[in-house]
Amino acid sequence: MLATTGWTAVHRPEGGTPLRAAALTAWSHARVGGRPVPAADAAPLVVARFFAGLDSAERARLAEGHPLVVGNLDGVPPATRYRANRYGLAQAERVEEARSHDVALTPVDRATATRRAHRFASLAEPGRQILVFDPTGGGHVAEVFGSLDRARRISVVVPGVDSDLITFERTQRRFTAPVGMAESLYEAQRAAAPADRTAVIAWAGYTAPTGVGMDAATGRLAVDGARRLQSLTAALPGRSGVALFCHSYGSVVCGVAAHQLPRRVTDVVVAGSPGMRAETVEELHTSARVWATRDTDDWIADVPHLEVGGLGHGADPVSPGFGARVLSSGTARTHTGYFAPGTGSVANFARIGTGAFDSVECATGDDTCRDGISGTPQD
């Protein structure tokens, strides 16, 4: 079956530190003014109400005392999460630095610990707004560009395979990593609408497949990712509209999440998609507009768009029968080039992210993909 679908098996190794497990145990016993704190898996609305009832000193104590829980708890105010994650990153960096010198570990494990320590130090640099940080295994992380509290529109970049703490940002091939993708989109939005208030989240907040292997061929990891994505979007502050930009396997996550996304998610955009685990837009059961794009030399076009016995992700989102609004990818190149600055794809993403639908360029060269949409920016 793997041979006929074009996927190969790759094992995802486990690693990292047990810091969050210990943090969750401590959190379960925490109290504020004699009151128990919300459960670590409480609904974002419950968490938001609890933190709204705390003063700034109480929020700070929780952030500093339980950083690896508070920094990952949807419903906690962003500024408090940023504070918590600075502490969590410092704590995790110390652990990995010690592991990097531990002669009881293999040279490979020591080298990995060194890389992780360097990544944590980078994420903790002044001015960075880290919304998610969990060092368990390959890790979960998210970073915000702009102000979530002030934004009129929020964009979330959902990356695909090989997205974890180490690959969250890259010096080489910068715009193929979540941070570079989000930075490029944010700058394109600011250039397209300088007076508009936007924010962009680079969200590697789920366990992505490693390589184009068995995990990438099934929806197993997408199910947990969809739950986390739904929680993130439900917990964003204010009432700003939200657009999702889902690349590669990230589009599988967005497809699985679609039916449970809050109505504030107005647009779901997939690029280089292997499928959304649906045969048509209607099967996604979402009120959001669904857009799709694929570059002409993207190898994902050669992956069979089908689902057999749980393998594969269904129909091709850019096919006419699927029913998505098909965008031009302009000068984008290869499977990882959609967010590169100056490409037609990232320009289109910026227009959707700012609500400038009248200037979106359709793949067909006409206005088909804009049918039924007002050119007036949407709130």
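Heads up, the sequence shown is in my numbering, so the first residue is 7 and it goes up one at a time.
For every residue, glycine included, the Cβ atom is placed at its ideal position computed from N, Cα and C.
Notebook entry, point to check: Under three-state DSSP, which class holds R158?
Noted result: coil
Item checked: Of the residues A205, G247 and V296, the one placed nearest H265, counting alpha carbons only -> V296
Notebook entry, point to check: Three-state secondary structure (DSSP) at Q178?
Noted result: When DSSP states are grouped into helix, strand and coil, Q178 belongs to the coil group.
Next item on the list: Could you check the C-alpha separation between S237 and L79 for me, to the nearest Å?
Entry: 10 Å
Checklist line | Residues near P84 in its chain [Cβ-Cβ closer than 8 Å; skip 5 each side] | finding: Q135, L137, V150, L154, D155 and P243
Item checked: Buried versus exposed, by CB contacts within 10 Å (16 or more), V82 -> buried
Checklist line | Beta bridge counterpart(s) of C375 as assigned by DSSP | finding: C375 is not bridged to any residue.
Notebook entry, point to check: Exposed or buried, which one is V52 when buried takes at least 16 other CB atoms within 10 Å?
Noted result: exposed
Checklist line | Other residues of its chain near R234: CB distance less than 6 Å, five sequence neighbours each side excluded | finding: Cβ neighbours of R234 beyond the five flanking positions: G211 and Y212.
Note to self: By the three-class DSSP mapping on this structure, what secondary structure does F151 have?
What the structure shows: Strand.
Note to self: For I379 and F363, what's the separation of their Cα atoms in angstroms?
What the structure shows: 7 Å
Note to self: So, does the region 219-231 touch the region 246-253, judging by three or more C-beta pairs under 8 Å?
What the structure shows: No, because fewer than three Cβ pairs between the region 219-231 and the region 246-253 fall closer than 8 Å, the two stretches do not touch.
Notebook entry, point to check: Which word fits S335, buried or exposed, when buried means at least 16 other C-beta atoms lie within 10 angstroms of its C-beta?
Noted result: buried
Check: Do the CB positions of S351 and T299 come within less than 8 Å of each other?
Finding: yes
Margin query: Judging by CA-CA distance, which residue of S34, A321 and S62 is the nearest neighbour of L312?
Written below: When each option's Cα is compared against that of L312, the closest is A321.
Notebook entry, point to check: Thinking C-beta only, is V185 closer than 8 Å to E175?
Noted result: yes
Check: Mind checking whether L2 and Q97 have CB atoms under 8 Å apart?
Finding: The first residue shown for the chain is 7 and the last is 385, placing residue 2 beyond what the model contains.
Notebook entry, point to check: What did DSSP end up calling D140 once you bin it into helix, strand or coil?
Noted result: Strand at D140.
Checklist line | Nearest-angstrom Cα separation, counted from E99 out to R116 | finding: Their backbone Cα atoms lie some 13 Å apart in a straight line.
Margin query: Going by beta-carbon coordinates alone, are S161 and G348 separated by less than 8 Å?
Written below: no
Note to self: Spatial neighbours of A9 within its chain, please: C-beta separation below 8 Å, excluding the five flanking residues on both sides.
What the structure shows: Interpretation of A9 is limited by its pLDDT of 35, a score under 50 that renders its predicted location unreliable; no figure is taken from the coordinates.
Margin query: Rounded to whole angstroms, what is the Cα-Cα separation between L74 and A29?
Written below: 6 Å
Check: In chain order, which alpha helix (DSSP H) runs of at least 4 residues are fully inside the region 192-216?
Finding: none
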